[in-house]
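Working notes, beginning with the structure itself.
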Amino acid sequence: MTEPENARLGARIRAYRTMRRMTVRALAAEAKASASFISQLERGQTSSSIGMLRRIASALGLTVADLFNEEEELGHRVVRRESRPELRTSPGTRKFLISQRPLQNVEVYVAEFDPGSSTGDEPYTHGDSQEILLVLRGQVTLWLGSDGSAAAHLLRPGDSVEYRTSLPHRVANERDETAEVVWVVSPPTTSV
6 MTEPENARLG
16 ARIRAYRTMR
26 RMTVRALAAE
36 AKASASFISQ
46 LERGQTSSSI
56 GMLRRIASAL
66 GLTVADLFNE
76 EEELGHRVVR
86 RESRPELRTS
96 PGTRKFLISQ
106 RPLQNVEVYV
116 AEFDPGSSTG
126 DEPYTHGDSQ
136 EILLVLRGQV
146 TLWLGSDGSA
156 AAHLLRPGDS
166 VEYRTSLPHR
176 VANERDETAE
186 VVWVVSPPTT
196 SV
C-alpha cells in the first residue's frame, strides 16, 4: 500500500478503536500485536499483513472489508427488517443482529422461536456482561443457572429479565405459536 493508503487505513482503525473506547494497548492485546505496532499502524507509519488485519478487525468487531470501506459513515444507520444480518442458530430459531458494526457499547439481537424450538439443549454463557431479554410476542421459558439448579421463568409479551451473561442460560418456546424476543447486551460480548 502507498503512504496515503496506509494513513487512511490507520485513521479508520483509530476511529473504530476510539468508538469502541479501546486503548491502543487493549487493541494490541486482543489482536496479539505490540502496542507500538498498533500506534504506528494508526499513524500510517507502517503497513500490515492480511493476517494481522484480520486479528485487528476481529478485535474491533469488524471484517477486514469494513476496515477498507471508506464509503460507510461512522454515524447513524437504518437497518430494514429484510436486510438484518441473520446469525446461524438452532433449528427452528432465527436470530438477527440489530446493532451494526462496529459494536460500541451495546449489542441488540432479535430472535424468533418456532413452537418447540430453543437456543439449544444446554445452557450457555458468553463473557460477563449485562443482558436483558424482552419478549415481544408469544411466550418463552428462560432457565437461569446450571442444569441441576436452573430457575425457570415463564415470560409473556412485555415481560423482561436482566442477568449476567456469565450465568448459564437457555431460552425455549414450549407453546404452539411463534415467539419473538429481543436481547440487549452491554458491553458487547465475543459470541452470542
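Just so we're aligned: 64 in the numbering used here is position 59 of the sequence shown, and the numbers increase by one with no gaps anywhere.
For glycine and all other residues, C-beta sits at the position ideal for the given N, C-alpha and C.
Model, not experiment: these values are computed from the prediction.
_Pick from Phe73, Ala40, Ser39, Arg48 that is closest to isoleucine 55, judged by C-alpha positions_ = Answer by Cα proximity: Phe73.
*For my contact list, alanine 177 and glutamine 144 are in at a C-beta cut-off of 8 Å; report their separation, rounded to the angstrom.*
Wrong, their Cβ atoms sit about 10 Å apart, outside the cutoff.
*asked:* Tell me whether the stretch 12 to 20 and the stretch 39 to 53 touch, counting them as touching only if at least three CB pairs, one residue from each stretch, are closer than 8 Å.
replied: Judged by Cβ distances under 8 Å, the stretch 12 to 20 makes contact with the stretch 39 to 53, as three or more pairs qualify.
*Could you give the DSSP three-state label for proline 192: helix, strand or coil?*
Note: proline 192 maps to coil in three-state DSSP.
_Contact under 9 Å by Cβ, proline 173 with alanine 155_ = Taking 9 Å as the Cβ cut-off, proline 173 and alanine 155 qualify as a contacting pair.
*Apply the 10 Å Cβ neighbour rule to lysine 37 and answer buried if 16 or more other Cβ atoms are within range, or exposed otherwise.*
With fewer than 16 other CB atoms across the displayed protein chains lying within 10 angstroms of its CB, lysine 37 is exposed.
_leucine 102: first and last residue of the uninterrupted beta strand (DSSP E) it sits in_ = Under the DSSP assignment, leucine 102 falls in the beta strand (DSSP E) whose first and last residues are 98 to 102.
*Do valine 83 and isoleucine 103 have their CB atoms nearer than 9 Å?*
Going by C-beta atoms, valine 83 is not nearer than 9 Å to isoleucine 103.
_Closest to leucine 141 by C-alpha separation, out of Thr130, Asp152, Leu160, would be which residue?_
Measuring from the Cα of leucine 141, the nearest candidate turns out to be Leu160.
*Let me know if threonine 130 comes out buried or exposed under the rule of 16 or more other beta-carbons within 10 Å of its beta-carbon.*
By the Cβ-count criterion, threonine 130 is exposed, with fewer than 16 other Cβ atoms from all chains shown falling within 10 Å of its own Cβ.
_Whole-number beta carbon distance between valine 187 and leucine 139, since they are thought to touch under 8 Å_ = Confirmed, about 5 Å.
_Give the list of continuous beta strand (DSSP E) stretches no shorter than 3 residues that lie fully inside the stretch 101 to 186._
Counting only runs of 3 or more, we get 112 to 118, 135 to 142, 145 to 149, 156 to 160, 165 to 169, 174 to 177.
_Which residue marks the beginning of the alpha helix (DSSP H) containing serine 44, and which one marks its end?_
Taken as a continuous stretch (DSSP letters only), the alpha helix (DSSP H) holding serine 44 covers 40 to 47.
*Over the uninterrupted alpha helix (DSSP H) stretch that includes leucine 32, give me the two end residues.*
29 to 36 is the extent of the alpha helix (DSSP H) around leucine 32.
*Alpha-carbon to alpha-carbon, serine 134 and serine 44*: In this structure, the alpha-carbon of serine 44 lies about 28 Å from that of serine 134.
*asked:* Please report the distance separating the alpha-carbon of glutamate 91 from that of alanine 62.
replied: Taking the CA atoms as reference points, glutamate 91 sits about 20 Å from alanine 62.
*Is the Cβ-Cβ distance between threonine 98 and glutamate 117 less than 9 Å?*
The answer is yes: Cβ separation under 9 Å.
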